[in-house]
Amino acid sequence: VKQGQLLGYVADISNTQIRVAVEQADVALVRSATRGVQVRFYSEPLAPVNADIAREIPAAASRLPSKVLGSAGGGEFRVNPADETGLETAQQLFQFELQLTDAYPPAYFGERVQVRFDHGRETLAKQWFRVGRRLFLSSFGV
789 VKQGQLLGYV ADISNTQIRV AVEQADVALV RSATRGVQVR FYSEPLAPVN
839 ADIAREIPAA ASRLPSKVLG SAGGGEFRVN PADETGLETA QQLFQFELQL
889 TDAYPPAYFG ERVQVRFDHG RETLAKQWFR VGRRLFLSSF GV
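Residue numbers (my numbering): 789 to 930.
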């Protein structure tokens, strides 16, 4: 073992926090209409765990909190191919920190999760309007 080499992590599993990246088009909905949050760990996908939004990182950024969120790591966010770290995205993202409300130790540090923000019930017409508005605004680069 060389001096300064990482050997492991010391973590308080009773205080598990999760960092989530949200596209700019969805951030207003997450901020204003979230009624609940569920997290599913990839090691236990059939066991949803409840969570709360602990805080929002205040500014948009084009840098991911983890490589696994980018397309190079199997995630859905496109990363800049010129970036060697695989963290620089092609779009602006907002980040939220989630705090688990149910006690659930992750299988390992840095485990990938699937997050579902519950926004309550909404009529199909409202959903179509929101999607149509987003498409209309994106055609102008907004």
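Glycine included, every Cβ here is placed at the ideal spot set by N, Cα and C.
This structure is a prediction, so every number in the text was calculated from the model and none was measured.
Pairing I841 with G908, the inter-Cα distance amounts to about 16 Å. Between the segment 898-913 and the segment 818-836 there are three or more inter-stretch CB-CB distances shorter than 8 Å, so the stretches are counted as touching. Straight-line measurement puts the Cα of L912 at about 35 Å from the Cα of E899. Under a 10 Å Cβ-count criterion, G920 is classified as exposed, with fewer than 16 other Cβ atoms of the shown protein chains found around its own Cβ.
Burial state of L857 is buried, judged by a 10 Å Cβ sphere holding 16 or more other Cβ atoms. Counting along the chain, no beta strand (DSSP E) covers F924; the unbroken alpha helix (DSSP H) around it starts and ends at L912 to S926.
Within the same chain, V789 come within 8 Å of L795 by CB-CB distance, once the 5 residues on both sides are set aside. Taken through DSSP and simplified to helix, strand or coil, V818 comes out as helix.
If you draw a straight line from the Cα of S831 to the Cα of R918, it is about 34 Å long. Shortest Cα-Cα distance from L852 to any of D871, A839, N838 and L834 involves D871. Assigned with DSSP and collapsed to three states, G862 falls in coil, not helix or strand.
Per the coordinates, the alpha-carbon of Q880 lies some 14 Å from the alpha-carbon of E864.
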